[in-house]
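Under numbering that gives the first Met the number 0, the first residue of the sequence shown is numbered 0, with each subsequent residue one higher.
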Amino acid sequence: MGDTFLNAAEQLCQRHPALQVVIPAATADRRREISALLANYPLLVERTVLLDGQAREAMIASDIVLLASGTAALEAMLCHRTMLVAYRMAPATHWLAKRLVKTQWVSLPNLIAQETLVPELIQEAASPEAIADQLSAMLADEDSRHALEARFAEMHATLQRSASRRAAVAIGLLAAGQPLERMDGE
Numbered sequence: 000m001g002d003t004f005l006n007a008a009e010q011l012c013q014r015h016p017a018l019q020v021v022i023p024a025a026t027a028d029r030r031r032e033i034s035a036l037l038a039n040y041p042l043l044v045e046r047t048v049l050l051d052g053q054a055r056e057a058m059i060a061s062d063i064v065l066l067a068s069g070t071a072a073l074e075a076m077l078c079h080r081t082m083l084v085a086y087r088m089a090p091a092t093h094w095l096a097k098r099l100v101k102t103q104w105v106s107l108p109n110l111i112a113q114e115t116l117v118p119e120l121i122q123e124a125a126s127p128e129a130i131a132d133q134l135s136a137m138l139a140d141e142d143s144r145h146a147l148e149a150r151f152a153e154m155h156a157t158l159q160r161s162a163s164r165r166a167a168v169a170i171g172l173l174a175a176g177q178p179l180e181r182m183d184g185e
């Protein structure tokens with residue numbers, strides 16, 4: 000998703016002249032890969048801070064986080080950050096996953112909430128243009144961002160209560176293809 004995300008970020012920088020982009024690189028090799036990709040986006044180069052690690056700090060400092068689905072979405076939720084999840088997988092993998100996994104969401108915040116809190120752009124929908132459009136709309140709607148961040152704070156507090164047991168139950172239900180029941184009030 001690297002090139003797609005950078006293309007979207009450059010489009011977003013064109014629309015929002017004061018925008019700064021922060022990219023955490025998990026390893027030195029990943030930093031080199033990102034730097035090489037960034038060279039193809041001259042406008043983005045001057046607006047990007049590339050960090051060594053520090054993903055959590057980058058999330059906390061951000062107004063909006065763009066990420067691929069996975070544990071990073073859970074981390075962004077626990078940092079109470081508005082996010083956009085965009086993800087593409089090999090077509091055959093996507094075809095198989097759609098038949099095996101019986102849930103309408105891919106991001107952990109949406110799975111935990113059992114509702115769409117975080118926009119998800121999957122497969123063809125995860126184009127640079129669609130990502131830039133969605134991020135631009137999210138940047139413009141500060142009230143919605145604050146409301147979502149407050150909801151994430153509530154979810155964080157709920158997860159902290161009996162977290163291990165709740166996680167085991169949720170994973171078991173998801174693995175069995177069953178819907179998660181709300182686990183409030185325990």
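Just so you know, even glycine gets a beta-carbon here, dropped at the ideal spot from N, CA and C.
Roughly how many angstroms separate the alpha carbons of R98 and M88, rounded to a whole number? 15 Å
Assuming P23 is part of the beta strand (DSSP E), what are its boundary residues? V20 to A24
Please report how far the alpha carbon of T70 lies from the alpha carbon of A131, in whole angstroms. 22 Å
Just to confirm my understanding: we take D51, look at its own chain, exclude 5 residues before and 5 after, and list those with CB closer than 7 Å. What are they? A24 and R30
Range covered by the alpha helix (DSSP H) that runs through L116: Unbroken run through L116: none, as it is neither H nor E.
Helix or strand or just coil, what does DSSP make of V64? The answer is strand: DSSP assigns V64 an E or B state.
Please classify V105 as buried or exposed, where buried requires at least 16 other C-beta atoms within 10 Å of its C-beta. Burial of V105 is indicated by the presence of at least 16 other C-beta atoms within 10 angstroms of its C-beta.
On a CA-only basis, which of E45, S68, H79 and V44 is nearest S61? Give me that one, please. H79
Rounding to the nearest angstrom, what Cα-Cα distance links G1 and L179 in this structure? Rounded to whole angstroms, the separation of the alpha carbons of L179 and G1 is 32 Å.
DSSP bridge partner residues for T81 (one or two, in chain order): I63
Could you check which residue in I121, L5 and L158 has the C-alpha nearest to that of L77? Measuring from the Cα of L77, the nearest candidate turns out to be L158.
Please state if the CB of L83 and the CB of L65 are separated by a distance shorter than 8 Å. yes
Enumerate in chain order the residues of its own chain whose CB-to-CB distance from V48 is below 6 Å, with the five nearest sequence positions on each side excluded. V21
If you draw a straight line from the alpha carbon of A72 to that of L107, how long is it in whole angstroms? 6 Å
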